[in-house]
Amino acid sequence: MSKQLKNLEIGIDSSLSYCSITLFKNKKIFWDGFKKNDFGHEKNLSLMLQKMLIETQITPKNISFLHLNNGPARFTAIRNCHALMKGFFFGHKVKILSYKIFEHYFLGIKESYQKNILCIIDTNRRDLAIQKLNPQGKLIGKTKTYLIDNQLIELLSDDYVLMGNGIEKLKKIRDYSFIKKKLMGPIELKSNYFLNNLYQKKPQGKFPKIIYPYSPV
Numbered sequence: 011m012s013k014q015l016k017n018l019e020i021g022i023d024s025s026l027s028y029c030s031i032t033l034f035k036n037k038k039i040f041w042d043g044f045k046k047n048d049f050g051h052e053k054n055l056s057l058m059l060q061k062m063l064i065e066t067q068i069t070p071k072n073i074s075f076l077h078l079n080n081g082p083a084r085f086t087a088i089r090n091c092h093a094l095m096k097g098f099f100f101g102h103k104v105k106i107l108s109y110k111i112f113e114h115y116f117l118g119i120k121e122s123y124q125k126n127i128l129c130i131i132d133t134n135r136r137d138l139a140i141q142k143l144n145p146q147g148k149l150i151g152k153t154k155t156y157l158i159d160n161q162l163i164e165l166l167s168d169d170y171v172l173m174g175n176g177i178e179k180l181k182k183i184r185d186y187s188f189i190k191k192k193l194m195g196p197i198e199l200k201s202n203y204f205l206n207n208l209y210q211k212k213p214q215g216k217f218p219k220i221i222y223p224y225s226p227v
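In the working numbering, the protein residues as written are 11 to 227.
Pasting the structure below:
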């Protein structure tokens, strides 16, 4: 890649059990990396960034826009991601586009639906966090946490389509086998979803405040 290529965009994420980086411009991907991991996000993300820089031969000066989410999810993993980017762009101004994690998931939808959506996030506890969105991706109400019990079965049985990594946990439970028919995806969270500029976010000059994780049931 030419070092003279300007106004690139980079998307980065480590908010759940995944690490990913995507370098792109005008919806064209120049570099894309993804790895599933439960721990060691900071190390894995740093190595991925290093690999991207070696293979593309770019510097921070080639990048004009940074896409990331600010939760709520794994607070420390998000903080490490943001800290890595603060260091990477030290001395170079970059325009930041920030998304809530549920918006980030919505960007990964490949088909349009006329039903409301439930985004199900694994909290790494005994409950799940659930956020309702309308078909256009607008958040409806507040995020709620649910135990994996009859109340959750009743909610998921209603007229919704589903997405989010919490589905992986539910798919292993026989009582929740019905959710396979309601899955619209995605389950994994990836930085290349940021290519879909559906929200028309206004770029900011400062990193966003990380949203604190969900209150337990």
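No residue lacks a Cβ here, since even glycine has one placed at the ideal position from N, Cα and C. On a predicted model such as this, the values are computed, not experimentally measured, just so you know.
To which residues of the same chain is residue i closer than 6 Å at the C-beta, ignoring the five residues directly before and after it?
{"i": "leucine 78", "result": "Ile22"}
{"i": "glutamate 52", "result": "Asn90"}
{"i": "valine 171", "result": "Tyr123, Lys125, Ile127, Lys192, Met194"}
{"i": "aspartate 132", "result": "Asn175, Gly176, Lys179"}
Spatial neighbours of residue i within its chain, please: C-beta separation below 7 Å, excluding the five flanking residues on both sides.
{"i": "leucine 199", "result": "Asp23, Ser25, Leu26, Tyr28, His114, Tyr115, Asn175"}
{"i": "aspartate 185", "result": "Ile163"}
{"i": "phenylalanine 217", "result": "His92, Lys96, Ile106"}
{"i": "phenylalanine 236", "result": "It is not possible to answer for residue 236, since the shown part of the chain is limited to 11 through 227."}
In the DSSP assignment, the alpha helix (DSSP H) including residue i goes from what residue to what residue?
{"i": "glycine 97", "result": "85–98"}
{"i": "leucine 180", "result": "176–181"}
{"i": "asparagine 115", "result": "For the sequence presented, residue 115 should be read as tyrosine rather than asparagine. Note, tyrosine 115: alpha helix (DSSP H), 111–116."}
{"i": "serine 56", "result": "51–66"}
{"i": "leucine 76", "result": "Counting along the chain, leucine 76 falls outside any alpha helix (DSSP H), though it belongs to the beta strand (DSSP E) covering 73–79."}
Hey, would you say residue i sits closer than 8 Å to residue j, going by beta carbons?
{"i": "threonine 153", "j": "glutamine 161", "result": "no"}
{"i": "alanine 83", "j": "proline 223", "result": "yes"}
{"i": "phenylalanine 99", "j": "proline 70", "result": "yes"}
{"i": "asparagine 80", "j": "isoleucine 221", "result": "yes"}
{"i": "leucine 94", "j": "serine 56", "result": "yes"}
{"i": "phenylalanine 85", "j": "valine 104", "result": "no"}
{"i": "methionine 58", "j": "isoleucine 20", "result": "no"}
{"i": "isoleucine 183", "j": "isoleucine 197", "result": "no"}
Less than 8 Å between C-beta atoms, sequence neighbours within five positions excluded: which residues of the same chain meet that for residue i?
{"i": "valine 227", "result": "Confidence is the limiting factor: at valine 227 the pLDDT is only 44, short of 50, which leaves the residue's position unreliable, though a coordinate-based value still follows. Answer for valine 227: Arg136, Asp137, Thr155, Tyr156, Leu157, listed in chain order."}
{"i": "leucine 165", "result": "Leu128, Ile140, Tyr156"}
{"i": "isoleucine 189", "result": "Leu166, Leu172, Ile177, Leu180, Lys181"}
{"i": "glycine 118", "result": "Met173, Gly195, Pro196, Leu199, Lys200, Tyr203, Asn206"}
Please classify residue i as buried or exposed, where buried requires at least 16 other C-beta atoms within 10 Å of its C-beta.
{"i": "leucine 107", "result": "buried"}
{"i": "serine 187", "result": "exposed"}
{"i": "glycine 43", "result": "buried"}
{"i": "isoleucine 64", "result": "exposed"}
{"i": "glycine 34", "result": "What sits at residue 34 in the sequence shown is phenylalanine, not glycine. By the 10 Å Cβ count, phenylalanine 34 comes out buried."}
Over what stretch of residues does the beta strand (DSSP E) that includes residue i continue unbroken?
{"i": "phenylalanine 44", "result": "38–46"}
{"i": "glutamate 4", "result": "Since the first and last residues shown for the chain are 11 and 227, residue 4 lies out of range."}
{"i": "lysine 35", "result": "28–35"}
{"i": "leucine 15", "result": "Unbroken run through leucine 15: none, as it is neither H nor E."}
Is the shortest distance between the beta-carbon of residue i and the beta-carbons of chain B less than 8 Å?
{"i": "tyrosine 156", "result": "In the structure shown, chain B cannot be found, because there is only a single protein chain."}
Contained beta strand (DSSP E) runs [length at least 3] in the region 120–208, N- to C-terminal order = Within the region 120–208, the runs of beta strand (DSSP E) that reach at least 3 residues and sit entirely inside it are, in chain order, 127–132, 137–143, 149–157, 171–173.
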